[in-house]
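The next block holds one structure in the form of structure tokens; read it before the comments.
The structure is reproduced here in structure tokens:
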């Protein structure tokens, strides 16, 4: 086993193709929710094509400027950590970009997270503490679990209401945006023959 | 705003004092759950003393060898991301140490997570996907919320049962280990005058 002293930093790095996309971040100021979601879905599709991870993409838009401040894709296998879901990667990078652990803090800004699939139990919790104020989702959890064998975990059935009633920082939830296109990408992943991993499945 | 191309890697680095502790990782092979928990609580206390974060510590032990393979403390403010709770940091580092996103995968090993406080809604989800097979907690969520104004989020009341019935990789839960000592550290944090941050609280 490697000496533990070699592993004192947790790092999740975007793949080269996504870094290249973000070198000229898209101006989404005039774009609709559907158009922004189409981009999140394109990232999910490219993650399949490039074989860098699972069929999930996310991006975060700062609402006053309409700029994309961060993006993420599922990097669980390539980054070597189960934490690297698309939404969680995007949130960590958006907080780094904003220079704060609290996107709802100072300076007062509003951020929307676009996610090609609805959050799993982990990403729900990450979202809860992030300071994101609006969530737009494509595929539903039942789509993910029906089309693939990826699992969502024990998410409360009333999760959108829990977010919308969140104390201090309510999180508006918009669902089913470009849902069919998001489901197509889930099907494309299965057709690609790439692995559907869940804890214990590699045992 | 910084160019987005400067922020393509999410990084959580342990503070220097904790890195120094882990340069000679403790042999916990003969230690009881209570003794291991005492170490997790000591990390929480030192995180207060060093002013590197909130009053929460965690460590992960590989059960066949009894070696501590990773540790974490709350680094939300210093790492600049709300993801950097003690348990999540420790899990990311343990997966890096093990070289896999699935601690329950190959080679077959069993890992116990010791957490000075019970998991919040986010850390519950992180734990769900991690491959950890046993969780030992000190303070309860109600201790955290009563003694401090840190919040746990909308965790299901039956969260220990959900973990113990987890499909494929059941997670055994042991609670209230060194609970009083863990609560003392929560009180010490409040007495230190350091901030209790929650999303929106910096606004």
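Chains as they are written, first to last, in our numbering: chain A, 5 to 207; chain B, 5 to 207. The beta-carbon is built from N, C-alpha and C at its ideal position, and this holds for glycine as well.
Collapsed DSSP secondary structure at residue i in the structure displayed
i	result
residue 141(B)	strand
residue 57(A)	coil
residue 165(A)	helix
residue 75(A)	strand
residue 155(A)	coil
residue 5(A)	Interpretation of residue 5(A) is limited by its pLDDT of 42, a score under 50 that renders its predicted location unreliable; no figure is taken from the coordinates.
residue 178(A)	strand
residue 207(A)	Below a pLDDT of 50, predicted positions are generally treated as unreliable, and residue 207(A), at 44, falls in that range; the measurement from the model is reported next regardless. Residue 207(A): coil per DSSP, three-state reduction.
residue 65(B)	strand
residue 106(B)	coil
residue 47(B)	helix
residue 111(B)	coil
residue 200(B)	coil
Residue range of the alpha helix (DSSP H) that includes residue i
i	result
residue 187(B)	183-196
residue 101(A)	90-102
residue 84(B)	Here residue 84(B) belongs to no alpha helix (DSSP H), and DSSP marks it neither H nor E.
residue 125(B)	125-134
residue 25(B)	20-27
Buried versus exposed, by CB contacts within 10 Å (16 or more), residue i
i	result
residue 165(A)	exposed
residue 57(B)	buried
residue 20(B)	exposed
residue 121(B)	buried
residue 147(A)	buried
residue 74(B)	buried
residue 134(A)	buried
residue 11(A)	buried
residue 185(B)	buried
residue 111(A)	exposed
residue 67(B)	exposed
residue 90(A)	buried
residue 145(B)	buried
residue 169(B)	exposed
residue 86(A)	buried
residue 172(B)	exposed
residue 191(B)	exposed
residue 76(A)	buried
residue 200(A)	exposed
residue 101(A)	buried
residue 99(A)	buried
Segment limits, beta strand (DSSP E) that includes residue i
i	result
residue 16(B)	13-17
residue 120(A)	115-121
heavy atom of the ligand SAM below 7 Å from residue i C-beta
i	result
residue 18(A)	The ligand SAM is absent from the structure shown, which contains no ligand whatsoever.
When the Cβ atoms of the region 70-84 of chain B are set against those of the region 166-182 of chain B, are three or more pairs found closer than 8 Å?
With the cut-off at 8 Å, the region 70-84 of chain B and the region 166-182 of chain B do not touch.
Take every Cβ of the region 105-124 of chain B, pair it with every Cβ of the region 61-80 of chain B, and state whether three or more of those distances are shorter than 8 Å.
Yes: at least three Cβ pairs fall under 8 Å.
Any contact between the region 190-202 of chain B and the region 45-54 of chain B? By contact I mean 3 or more CB pairs, one from each, below 8 Å.
Proximity of the region 190-202 of chain B to the region 45-54 of chain B meets the contact definition, three or more beta-carbon pairs being nearer than 8 Å.
Just by C-beta distance, which residues in the region 33-56 of chain A are closer than 8 Å to chain C?
No chain C appears in the structure shown, which is made up of the protein chains A and B.
Between the region 138-155 of chain B and the region 96-113 of chain B, do three or more beta carbon pairs fall short of 8 Å?
No, they do not touch.
Members of the region 13-24 of chain B near chain A, C-beta cut-off 7 Å
Listed by position along the chain: 13, 14, 15, 16, 17, 18 and 23.
Chain A contacts from the region 103-117 of chain B (Cβ-Cβ distance under 8 Å)
Listed in sequence order: 103, 104, 105, 106, 107, 108, 109, 110 and 112.
When Cβ atoms are compared, which residues of the region 116-135 of chain B fall closer than 8 Å to chain A?
Those would be 124, 125, 126, 127, 128, 129, 130, 132, 133, 134 and 135, in chain order.
Between the region 165-188 of chain A and chain B, which residues of the former have a C-beta closer than 7 Å to a C-beta of the latter?
Of all residues in the region 165-188 of chain A, 166, 172 and 173 have a Cβ within less than 7 Å of some Cβ in chain B.
How do the region 125-134 of chain A and the region 122-133 of chain B stand: do at least 3 beta-carbon pairs fall below 8 Å, yes or no?
Yes: at least three Cβ pairs fall under 8 Å.
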